[in-house]
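Working notes, structure below.
Residue numbers (this note's numbering): -17 to 187.
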């Protein structure tokens, strides 16, 4: 393991290396960059991260990240509240919003069903989705999940849970390559996939 001239430097590198996709070499480069910055800039960086951790909230309606109890999307009266787009994570919300092709609401599951990883339906925000549909204000649920085995399994489970509730369940068009995750799909393809969505039962046979 590389030796550092300072224990403080080593500690900082160790912490940066805990970030996803960041190895020790990249961590060292980032730490040295921060070390060269003005103290005020570093203090602002640290303050932003601390404030994010301590003050950020999750929308009580859709579970998206928010600065308040209800996120700006759920609070926007101009959105189509009868349509809910179900996504895996917050990055997917941002990806779909960037297409500017969808004007309904969202529901963030917080992951996908994956028995191999020990993630079951109870670990996700599926029961809260069912409760939203049971309220009677939602006419369509769009499943915008990754085209992976986990995404398909999760979609089928949700479809089965919503089947007795007399709500339209649709799935985004398969313009997205199988195995791809939504957040890495280009905006044009993702936008068209939402516009050209199809009834779920046609895709589950």
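Beta carbons are placed, not taken as given, at the ideal position from N, Cα and C, and that holds for glycine.
Using the DSSP secondary-structure output, state which residues sit across from residue i in a beta bridge.
i	result
residue 39	48
residue 31	Per DSSP, none; premise fails for residue 31.
residue 101	96
residue 181	152
residue 69	90
Going by DSSP in three states, residue i sits in which element: helix, strand or coil?
i	result
residue 58	coil
residue 159	The predicted position of residue 159 is uncertain, since its pLDDT is 48 and thus under 50; no value can be drawn from it.
residue 81	helix
residue 26	helix
residue 122	strand
residue 175	helix
residue 64	strand
residue 106	coil
residue 187	Low confidence applies here, because residue 187 scores a pLDDT of 42, under 50, leaving its location unreliable and the question unanswered by this model.
Quick check on the DSSP output: the beta strand (DSSP E) that includes residue i runs from which residue to which?
i	result
residue 86	86 to 90
residue 0	Premise fails: residue 0 is in no beta strand (DSSP E) and is neither H nor E.
Alpha carbon to alpha carbon, how far is residue i from residue j?
i	j	result
residue 56	residue 36	22 Å
residue 119	residue 102	27 Å
residue 123	residue 137	11 Å
residue 21	residue 15	12 Å
residue 3	residue 148	43 Å
residue 135	residue 71	16 Å
residue 31	residue 48	15 Å
residue 127	residue 75	11 Å
Need the endpoints of the alpha helix (DSSP H) that residue i sits in, please.
i	result
residue 140	131 to 144
residue 152	Unbroken run through residue 152 is the beta strand (DSSP E), 150 to 153; no alpha helix (DSSP H).
residue 12	6 to 18
residue 116	109 to 116
Q. Given 8 Å as the limit, is there contact between the segment 88 to 102 and the segment 141 to 154, that is, 3 or more CB pairs closer than that?
A. no
Q: Specify whether the segment 142 to 149 and the segment 112 to 119 touch according to this definition: at least 3 beta carbon pairs, one from each stretch, less than 8 Å apart.
A: yes
Q) For the 8 Å Cβ check, are there 3 or more pairs between the segment 77 to 96 and the segment 59 to 67? A) yes
Q.
For the structure I just gave you, are there three or more beta carbon pairs, one from the segment 6 to 15 and one from the segment 34 to 52, closer than 8 Å?
A. no
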